[in-house]
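In this note's numbering, the protein residues as written are 411 to 674. Where is the CB? At the ideal position from N, CA and C, for every residue including glycine. Report on the following structure.
Pasting the structure below:
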């Protein structure tokens, strides 16, 4: 049985993965708040941005944490198509959950369906990512811990969608994102502690790419997307600010306003 190390670089990867989960959650919540205050195409665009932020944050959290994953007695490689598929799954299921909440008329039903769908999707993303791992040996799982990780994923997803519906203030969004980041990270490490590896020593070359060849550059790119999108959302005026600006400009644009502006 190979010895598993979930933090080969010390606390760097767990802390960084938690930060990425929090950033994705905070950005997703802010975008969802904007979406619920908008209508038409604007609502759809905000919901798509929210889904991409949360999905990207979850995926980046997972694979940043995987940078610290090592097994004694074998190298580790990643199947590129399966890894990319796990990212697509993360985006798709989060998008389904966010749209269910954003357009659902029955909020309670939409919350339960969206939370279940998104939670199962997040768990699927994780185990697809694990299926992409290539090493010399066989990977097995403790079914009890697998079930617990799926339960955590569903509860975390439902809590995230509930927060999107009920939380508005920036401080509350920040606190909610910290809790959500902890929940998502807990789900990941619960699932990783379910892993057992029986190493079969071999001199054969493993297929796939190393973490530094593929995972690290992709994670850096997605992390940059999160931070740039966060800056855009922070600088973008809210619907209330746009309405206030329009109201302030309206008197000056009207004939009456122009007459009042003339000196007597």
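- When the five nearest sequence neighbours on each side are left out, the beta carbons in the same chain lying within less than 6 angstroms of the beta carbon of residue 473 are those of 625, 629, in order along the chain.
- Residue 618 carries a coil assignment under DSSP once its states are collapsed to helix, strand and coil.
- Taking a C-beta distance under 8 angstroms as the contact criterion, residue 529 and residue 564 qualify as a contact pair.
- Taking all protein chains shown into account, residue 424 has 16 or more neighbouring C-beta atoms within 10 Å of its C-beta and is therefore buried.
- Taking the CA atoms as reference points, residue 488 sits about 12 angstroms from residue 496.
- The Cβ neighbour count for residue 413, taken over all protein chains shown within 10 Å, is under 16; the residue is labelled exposed.
- Look at residue 414 here: in three-state DSSP terms it is strand.
- Residue 585 is not a Cβ neighbour of residue 511, given a cutoff of 8 angstroms.
- Remark: three or more beta-carbon pairs, one from each stretch, lie closer than 8 angstroms, so the region 536-552 and the region 591-608 are flagged as touching.
- In summary, residue 608 is exposed, with fewer than 16 beta-carbon neighbours lying within 10 Å of its beta-carbon over all protein chains present.
- One Cα belongs to residue 646, the other to residue 634, and the distance between them is close to 18 angstroms.
- Burial is judged here by how many other beta carbons sit within 10 angstroms of a residue's own beta carbon; residue 427 has at least 16 and is buried.
- For residue 480, the three-state secondary structure derived from DSSP is strand.
- By the 16-neighbour rule on beta-carbons within 10 angstroms, residue 583 is buried.
- Counting along the chain, residue 550 sits inside the beta strand (DSSP E) bounded by residues 547-551.
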